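See structure below.
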Amino acid sequence: MGTNLEMRENIISNLETSLLKLRAIWTEVGMTEEQKEERNQVVIMHMVSLLEQMVDEELDMKNKILANIKEFSRELAKICSELQVPQMKTDESLTLLEMEKSLRTEVDRLSLERHLRLKNLKTLVDDEDRICKRLARSLNPDRIIGVPTESRLNEYSQYVETIKKELEKRESMFISTKEVLVHLWDELEVTQTDDKETAIASSDANNYELSDSNMDYLKALITKYETQLKENEEKTNQLRRDVEHLWNRLDIEEEQREAFNEVTHGCKPSVITALELELDALNKMKLENLKKLVEKSRQDLNQWWDKCHFDSEERMKFEPVTSGETSKDYSEDLLNLHENEIKRITDYYSEHESYYQLVEHWYTLWNKWLEFEARANDPNRFGNRGGRLLQEEKLRRALNKEFPKVEKDLTAKMLKYEKEKSKPFCIDGQRFLDTIEALKEEHKLRKTQEKMDRQIAKERELQKELTYGAKPSPVKRRFAGTPVKTPTMKKQKVSTMSTGSAHSRVQSRINVPQSSKTPGRVKMAKGSRVTPAKTARSKNIRILKEVNSNSNEGLNLSDYNDPKGMMA
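Numbered by our numbering, the letters in the sequence shown go through residues 1173 to 1740 in order.
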């Protein structure tokens, strides 16, 4: 209120000052009172007109503000609807200018949000168009029209990201597949005559259509050429085996073989052709050397028969052996029969190689065991030096530990074979498990017979002593420094004793010495002289005999699983 009063007083003061100045000017000019009054009316009219104009302008400004508020409200409602966000509530306490400013700020903010969403949408749409074109895929039927919501825009962005990853995956697959195809084309010496293959060869990952059908075609193409390459490899390997076989049969020089191998690497069609030509040439040479090849095949066949431990009955199943055809007619059919039989035997050996290895290992351990047993009965081994007895004992203990384990594994494997094949595994025509038992039984009988032979020999020796007397012990060589002349000794006569007198038998083995001529010296009986060297040697022999006794105990085959007690 005070402001209006001040403005009024200011206007009146300025108006009065201006009127006074005007009247002074009019007076100086010499205007009459009537003229001055007319001039006053004109001033008043101008003042009223100016104020009315100012009022009209302010009314226009007010109306414009109201219009802006209305327009901003309408625009805000529209944008909020498009963005699907709640509309801002208007504060009724605000002035028109404050309300206009608030609405304008909100409209600007939401307009920017709408612009950013539409811009992101356009980018995603362009990406989808480009990716779908590369993938030859139709556009998303649920494509966004208009301003998207935040959640809808995120979903669409995830969809575009998914197909983008699919595109990248297919591009990478195309690059790797093309590399493989180029390698296969080179290995197979293939020239691209098909339009699709030509397109693959001339395109890169950025311009090749990565459609579902094209990707399936790439996979099928890889499978096709890999299968063809595998067939070529198998064919090449077979040709190489055949060529190598004939080289060995025909004794082709190593230099010639190496020269041929240097120019026939891989499995290309040209290499296959070269191998086929070489095989044809070798076959012609084979026909010219049939006798030599048949005889060599027979030697190889005999070696494989021996390696598989086939008995004569099994070998006689081979027709040329029974028919004697090899001595009559050296034909290609006869050579083929031998080669087919060799292949059959080698395949059989490969299938049962682990069994044969176990059998050979068992025989090796068995022979070692027999060798150790023979050593244990050899008294001369006590004269060995350098720790041989200790080394022998270590080997014997290792053998006693390994042998039962190997035999257990072999037995389990043989029994499993018999269960699966419904037939025994034979060595030299006999079930090998029976062979093991037979060897044990034979060894047991041999040991029993040896024991009986020793007892009989001992009884015969005893009977001989009873009949003819005991054989005197040999005189041992004297040490250096022993007097050459020794007192004469009379040998005690040995009387013939009856069979039942054990005391007489003992007395017959002792030479009783007579008194020595040297005073204070007692002469020992022959064979009973005690010296420091002999004492030490007797001690060593006693220790070695104890070791030998322990070793013999460790060699007993009954220590490991022997259900029938064959080795007892």
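All residues carry an ideal CB built from backbone N, CA and C; glycine is no exception.
All figures in this text were calculated on a predicted structure; none of them were measured in a lab.
Please state the DSSP three-state secondary structure of residue i.
{"i": "residue 1281", "result": "helix"}
{"i": "residue 1626", "result": "helix"}
{"i": "residue 1599", "result": "strand"}
{"i": "residue 1366", "result": "coil"}
{"i": "residue 1293", "result": "helix"}
{"i": "residue 1267", "result": "coil"}
{"i": "residue 1382", "result": "coil"}
{"i": "residue 1346", "result": "helix"}
{"i": "residue 1274", "result": "helix"}
{"i": "residue 1621", "result": "helix"}
{"i": "residue 1490", "result": "coil"}
{"i": "residue 1594", "result": "coil"}
{"i": "residue 1377", "result": "coil"}
{"i": "residue 1246", "result": "helix"}
{"i": "residue 1371", "result": "helix"}
{"i": "residue 1696", "result": "At residue 1696 the pLDDT is 34, less than 50, meaning the model places this residue with poor confidence and gives no usable figure here."}
{"i": "residue 1502", "result": "coil"}
{"i": "residue 1179", "result": "helix"}
{"i": "residue 1316", "result": "coil"}
{"i": "residue 1239", "result": "helix"}
{"i": "residue 1190", "result": "helix"}
{"i": "residue 1260", "result": "coil"}
{"i": "residue 1309", "result": "coil"}
{"i": "residue 1203", "result": "coil"}
{"i": "residue 1321", "result": "coil"}
{"i": "residue 1637", "result": "helix"}
{"i": "residue 1333", "result": "helix"}
{"i": "residue 1768", "result": "Given a span of 1173 to 1740 for the chain in the structure shown, any question on residue 1768 remains unanswerable."}
{"i": "residue 1216", "result": "helix"}
{"i": "residue 1604", "result": "helix"}
Look at the Cβ atom of residue i, then the Cβ atom of residue j, and state whether they are nearer than 8 Å.
{"i": "residue 1320", "j": "residue 1293", "result": "yes"}
{"i": "residue 1377", "j": "residue 1347", "result": "yes"}
{"i": "residue 1422", "j": "residue 1386", "result": "no"}
{"i": "residue 1586", "j": "residue 1575", "result": "no"}
{"i": "residue 1784", "j": "residue 1328", "result": "There is no way to answer for residue 1784, as the model of the chain reaches only from 1173 to 1740."}
{"i": "residue 1360", "j": "residue 1400", "result": "yes"}
{"i": "residue 1393", "j": "residue 1415", "result": "no"}
{"i": "residue 1408", "j": "residue 1444", "result": "yes"}
{"i": "residue 1259", "j": "residue 1266", "result": "no"}
{"i": "residue 1325", "j": "residue 1286", "result": "no"}
{"i": "residue 1311", "j": "residue 1304", "result": "yes"}
{"i": "residue 1502", "j": "residue 1440", "result": "no"}
{"i": "residue 1470", "j": "residue 1477", "result": "no"}
{"i": "residue 1547", "j": "residue 1565", "result": "no"}
{"i": "residue 1398", "j": "residue 1356", "result": "yes"}
Residue i and residue j look like a contact to me (Cβ under 8 Å); what is the Cβ gap, rounded to whole Å?
{"i": "residue 1533", "j": "residue 1578", "result": "6 Å"}
{"i": "residue 1412", "j": "residue 1419", "result": "Not a contact, Cβ separation roughly 10 Å."}
{"i": "residue 1481", "j": "residue 1600", "result": "5 Å"}
{"i": "residue 1349", "j": "residue 1284", "result": "The Cβ separation is near 47 Å, so there is no contact."}
{"i": "residue 1381", "j": "residue 1302", "result": "No, residue 1381 and residue 1302 are not in contact; Cβ-Cβ is about 13 Å, not under 8 Å."}
{"i": "residue 1290", "j": "residue 1251", "result": "Their Cβ separation, rounded to whole angstroms, is 12 Å, which puts residue 1290 and residue 1251 out of contact at 8 Å."}
{"i": "residue 1275", "j": "residue 1245", "result": "6 Å"}
{"i": "residue 1215", "j": "residue 1192", "result": "Not quite, the Cβ-Cβ distance comes to about 12 Å (not below 8 Å), so this is no contact."}
{"i": "residue 1528", "j": "residue 1535", "result": "Not confirmed; about 11 Å, so no contact."}
{"i": "residue 1571", "j": "residue 1597", "result": "The pair is not a contact, with the Cβ atoms about 24 Å apart (cut-off 8 Å)."}
{"i": "residue 1537", "j": "residue 1582", "result": "So it is not a contact: roughly 10 Å between Cβ atoms."}
{"i": "residue 1459", "j": "residue 1514", "result": "Not confirmed; about 19 Å, so no contact."}
{"i": "residue 1453", "j": "residue 1383", "result": "In fact, because the Cβ distance is near 51 Å, the residues do not count as touching under 8 Å."}
Please indicate yes or no: does the CB of residue i lie closer than 7 Å to some heavy atom of the ligand ATP?
{"i": "residue 1202", "result": "The ligand ATP is not part of the structure shown, which contains no ligands of any sort."}
> Curious, which full-length alpha helix (DSSP H) runs of at least 4 residues does the segment 1412-1487 contain?
Replying inline: 1426-1434, 1441-1460, 1462-1479 and 1484-1487
> Hey, which unbroken runs of the alpha helix (DSSP H) at 4 residues or more fall wholly within the segment 1504-1582?
Replying inline: 1504-1523 and 1525-1548
> Does the count of Cβ pairs from the segment 1236-1246 and the segment 1266-1277 closer than 8 Å reach three?
Replying inline: yes
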